[in-house]
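Residue numbers (UniProt numbering): 1 to 850.
Glycine included, C-beta positions come from ideal geometry on N, C-alpha and C.
Quick caveat: nothing in here was measured; it's all calculated off a predicted structure.
What follows is a single structure, written as structure tokens, with notes after it.
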Ligand code: BGC
């Protein structure tokens, strides 16, 4: 039963849809039945791509979109499977030149389980006559189920129930269990269980003109009577990807042994086909268990060999499911956040946590993979790794610091590549790429497709050197949160030193003013890649870059002192870091230039204040959604470089990463003033000139407003929470989730509204909840000490689990206390209105903590 889209439905090109409207526009599906269940009633080809992304199941090693097992890629369906860190380069010839791009590879599809009744056609969701259709993603258990009842042209009614998961306990294993029930007939059902390696990268509309083939077949075959194998290799990176599938058939608990036919296509497709006689009212279950290994995996002889052994040893679906659910239980014990606000927010929060963990919480595998901006859920941004990890680490580190440390390892291993990039560009130290993939070379495409005029336009976003600063910031805060000095000595310090070296070498000294300038860069706001008339040449003295550089250099100096009396000879020898260089860093950190508007507002970059204002109302009236003004204006022959506007927070990022007090002190050290009134003016100035064209922007603005305008902060937070659930950009979620916004929205709740920070070995809490939120409960793992935290408007309750760690020093809203393991204590808070906000209203408690 397909349906015609309603007029109010979210369609691509209509962003800025408010969350509730957008949710209602979900093509005939009810999304919220409980805060742990994402469910859809009815089949809808129009929103199938969005559902597939949101119903992705994965375990950090790999993930599979929630596509129907009976569908190949077509206008409605896109069955993508992605393996963390598996990329391949491909060249595309264009009329005038050719381009080479690196993509996260769409791996062989292990799902296909086709069926047909008697002599009917293969079942396909697009043509079936559904009597019932319900899909549910159970976030607690990490299980996707679908129940359909349909009537075929011969009048037979059949129920098909399927359940799938990618095991968190056995990370190379996936299960699809499908039960067929003939309700009012008896007869044969033919099943074809396949692995399809004839897949290409075709998920992103704008990238469809690029070469999408990344895999070549190496071997197809049967491993035994019930198991098939497809061994493939990526065309350029030479990664072997072996996929195997074992298919068993059961009536109740009894195995059935239908005759099987082995089918294959040497171009990369392998299947078994068999026919089962189904009796009315007697269900038959087909259990497909898949395994994947690649040549990037450790401790294996070969991927094909590893798949073979895994499938010979693996138990049944029931046992696998039990173990998988147990792992999710353990994860939720650490990561669940309970909100007293509404089911809708709770569902969004749980969904976001679920997808962050599905992308990054790889259990029991030693991976070399970064934080892909769009998860393992689609091919948006080609699976590349940006600066978004800055938004992701805090919610991980507070619970599972081992996860963020492993992800920082991805950066550490690419330090040499970043050094080579700096050298090639005429600089010192390490220049990390704006977009990173397999080896850490710059992967930012040079061109961006503009759907407003169907043309490719230059993409200069690789001038966002600030990505290195985000890495250094994350390294320092990982150390602050964990106190892990070994991490600092063996990886962290080297990362911070080399990033510092790069930025120091980027600085040009102006002896007249005794100031340092940084030129030719872009800030986080991608709408300005140069001055009017000079697109792509970068900007002078981007405030975010310069202030962050000053902060990182200060940390580098601090770390060199911290490590002075430690055994760090290998590091010292490797880096050849002497006192003169440290002295220079100190000087630069005090003398970097920051431009200000005449009223004391830090200028996004030198000259920003000279740009004319933009016609906001005119463009809103003309285009409705103006999130991507860069594309709109380019199609009109104009440029966002010409106006005072931004895609996302840029100067305001500083108030996201630092408390107002810290920022003021930092600027003070640089001989600048930022009085409280100027902070208020800064928030107002930039707040009213942003299109929030990046989902990250809602997180930042929510944070910045949290102690100033709680109502506004909450509105931004709901937008951030719903980035993907409501597909607020009107169609981008089908190309992958927005991992930074998902993680950032969780972090908003657990750190910003609670005022939780870790500084000077003290755990501080200073909550200010928005009116819509009456309570928050969650757990953290503070230096190996699990702590349960319950916060309301009137109290903070801390319960320390019994452990043999030492006592924890706390400051709860200004009151110092010490709690020993096993102790519980409730602190009473003053009434909210009695809790004075700082003058500038923005002195939130981020900063030195995480
Ligand atoms: C944003 C970047 C972000 C990237 C990946 C872009 O739209 O402007 O800040 O890193 O998306 O999420």
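Under 7 Å between C-beta atoms of residue 525 and residue 727
Indexing the chain shown from 1 puts residue 525 at position 525. Indexing the chain shown from 1 puts residue 727 at position 727. Going by C-beta atoms, residue 525 is not nearer than 7 Å to residue 727.
Does any heavy atom of the ligand BGC sit closer than 6 Å to the C-beta of residue 379?
Translated into positions along the chain shown, residue 379 becomes position 379. Distances taken from the Cβ of residue 379 to the heavy atoms of the ligand BGC include none shorter than 6 Å.
Mind listing, in chain order, the continuous alpha helix (DSSP H) runs of no fewer than 4 residues lying wholly within the segment 565-601?
Whole alpha helix (DSSP H) segments, 4+ residues: 569-575, 579-591.
In terms of DSSP beta bridges, what is residue 612 paired with?
One-based indexing of the chain shown puts residue 612 at position 612. Residue pairing from DSSP leaves residue 612 without any beta-bridge partner.
Closer than 8 Å is the cut-off here; do at least three beta carbon pairs connect the segment 421-428 with the segment 592-604?
No contact exists between the segment 421-428 and the segment 592-604.
Tell me whether residue 363, by its Cβ, gets closer than 6 Å to a heavy atom of the ligand BGC.
In the chain shown, counting from the first residue as 1, residue 363 sits at position 363. Every heavy atom of the ligand BGC is 6 Å or more from the Cβ of residue 363, so no.
Are three or more beta carbon pairs between the segment 744-757 and the segment 765-782 nearer than 8 Å?
Contact between the segment 744-757 and the segment 765-782 is present, because at least three Cβ pairs lie under 8 Å.
Please confirm whether any heavy atom of the ligand BGC lies closer than 6 Å to the CB of residue 527.
Along the chain shown, one-based indexing puts residue 527 at 527. No.
At a cut-off of 6 Å, is residue 694 close to the ligand BGC when judged by its beta-carbon and the heavy atoms of the ligand?
Translated into the one-based positions of the chain shown, residue 694 becomes position 694. Yes, the ligand BGC has a heavy atom inside 6 Å of this Cβ.
Taking the Cβ atom as the reference point for each residue, do residue 590 and residue 670 lie within a distance shorter than 7 Å?
Here residue 590 refers to the residue found at position 590 of the chain shown. Here residue 670 refers to the residue found at position 670 of the chain shown. Cβ atoms of residue 590 and residue 670: closer than 7 Å.
Is residue 441 helix, strand or coil when you go by DSSP?
For the purposes of this step, residue 441 is identified with residue 441 of the chain shown, where counting begins at 1. In the structure shown, the three-state DSSP call for residue 441 is coil.
For residue 234, name the three-state secondary structure that DSSP assigns.
Taking the first residue of the chain shown as position 1, residue 234 is located at position 234. Residue state, collapsed to three classes: strand.
Is residue 187 closer than 7 Å to residue 152 when the C-beta atoms are compared?
Residue 152 sits at position 152 when you count from the first residue of the chain shown. Residue 187 sits at position 187 when you count from the first residue of the chain shown. Annotated as distal: residue 152 and residue 187, with beta-carbon spacing of 7 Å or more.
Given 8 Å, three or more beta-carbon pairs between the segment 728-743 and the segment 378-398
Yes, since at least three Cβ pairs between the segment 728-743 and the segment 378-398 fall closer than 8 Å, the two stretches touch.
For the ligand BGC, is there any heavy atom lying closer than 6 Å to the beta carbon of residue 388?
The count along the chain shown starts at 1 and reaches residue 388 at position 388. In this structure, residue 388 has its CB closer than 6 Å to one or more heavy atoms of the ligand BGC.
Among residues of its own chain, excluding the 5 on either side of residue 830, which ones have a beta-carbon nearer than 7 Å to its beta-carbon?
Here residue 830 refers to the residue found at position 830 when the chain shown is read from its first residue. Around residue 830: no qualifying Cβ.
Three-state secondary structure assigned by DSSP to residue 267
The residue labelled residue 267 in the question sits at position 267 within the chain shown. DSSP places residue 267 outside both helix and strand once states are collapsed to three, so it counts as coil.
Leaving out five residues before and five after residue 632 in sequence, what residues of the same chain have Cβ atoms less than 8 Å from its Cβ?
Residue 632 sits at position 632 when you count from the first residue of the chain shown. The answer, listed in chain order, is 452, 619, 623, 626.
Would you say the beta carbon of residue 242 is closer than 6 Å to some non-hydrogen atom of the ligand BGC?
The sequence position of residue 242 within the chain shown is 242, counting from 1. False, no ligand heavy atom lies under 6 Å from that Cβ.
For the segment 46-91, list the beta strand (DSSP E) runs that are entirely contained and at least 3 residues long, ordered along the chain.
List check, beta strand (DSSP E) in window: 62-64, 81-83.
Top-ranked residue by Cα proximity to residue 142, from 332, 155, 202
Against the chain shown, residue 142 aligns to sequence position 142. Answer by Cα proximity: 332.
According to the Cβ coordinates, are residue 287 and residue 177 closer than 7 Å?
The sequence position of residue 287 within the chain shown is 287, counting from 1. The sequence position of residue 177 within the chain shown is 177, counting from 1. Yes, these two residues count as a Cβ contact at 7 Å.
Taking 6 Å as the cut-off, is the CB of residue 373 close to at least one heavy atom of the ligand BGC?
Your numbering for residue 373 matches position 373 in the chain shown. Between the ligand BGC and the CB of residue 373, the shortest heavy atom gap is smaller than 6 Å.
Does residue 96 pass the burial test, meaning 16 or more other C-beta atoms within 10 Å, or should it be called exposed?
Translated into the one-based positions of the chain shown, residue 96 becomes position 96. Sixteen is the threshold: since fewer than 16 other Cβ atoms of the shown chains lie within 10 Å of the Cβ of residue 96, the residue is exposed.
Report yes if the C-beta distance between residue 130 and residue 160 is below 7 Å; otherwise report no.
Along the chain shown, one-based indexing puts residue 130 at 130. Along the chain shown, one-based indexing puts residue 160 at 160. Judged by their CB atoms, residue 130 and residue 160 are not nearer to each other than the 7 Å cut-off.
In angstroms with no decimal places, state the Cα-to-Cα distance between residue 19 and residue 228.
Along the chain shown, one-based indexing puts residue 19 at 19. Along the chain shown, one-based indexing puts residue 228 at 228. A caution first: residue 19 carries a pLDDT of 32, below 50, which makes its placement in the model unreliable, though a value can still be read off. Per the coordinates, the alpha-carbon of residue 19 lies some 45 Å from the alpha-carbon of residue 228.
How about residue 686 and residue 652: do their beta carbons lie closer than 7 Å?
Within the chain shown, residue 686 is the residue found at index 686, counting from 1. Within the chain shown, residue 652 is the residue found at index 652, counting from 1. In this structure, residue 686 places its C-beta atom within 7 Å of the C-beta atom of residue 652.
Compare the C-alpha of residue 514 against each of 584, 532, 461, 543 and name the closest.
Looking up residue 514 in the chain shown gives position 514. With distances taken between Cα atoms, residue 514 lies closest to 584.
Residue 350 burial status per 10 Å Cβ neighbour count (16 or more: buried)
Numbered from 1 along the chain shown, position 350 holds the residue referred to as residue 350. The Cβ neighbour count for residue 350, taken over all protein chains shown within 10 Å, is at least 16; the residue is labelled buried.
Out of 91, 419, 445, 370, state which residue places its alpha-carbon closest to the alpha-carbon of residue 437.
Translated into positions along the chain shown, residue 437 becomes position 437. If we check each option's Cα against that of residue 437, 370 comes out closest.
Could you give the distance in angstroms between the alpha-carbon of residue 808 and the alpha-carbon of residue 330?
As a working mapping, residue 808 is identified with position 808 in the chain shown. As a working mapping, residue 330 is identified with position 330 in the chain shown. Rounded to whole angstroms, residue 808 to residue 330 spans 24 Å at the Cα level.
Is it the case that the Cβ atoms of residue 139 and residue 107 are separated by a distance below 7 Å?
Locating residue 139 in the chain shown gives position 139, counting from the first residue. Locating residue 107 in the chain shown gives position 107, counting from the first residue. No. Outside cutoff.
Quick one, are the C-beta atoms of residue 292 and residue 377 less than 7 Å apart?
Counting from one through the chain shown, the residue named residue 292 turns up at place 292. Counting from one through the chain shown, the residue named residue 377 turns up at place 377. Contact: no.
Would you mind listing the beta strand (DSSP E) stretches within the segment 486-564 that are 3+ residues and don't spill past its ends, in chain order?
Fully enclosed beta strand (DSSP E) runs of no fewer than 3 residues occupy 508-510, 515-517, 519-521 of the segment 486-564, in order along the chain.
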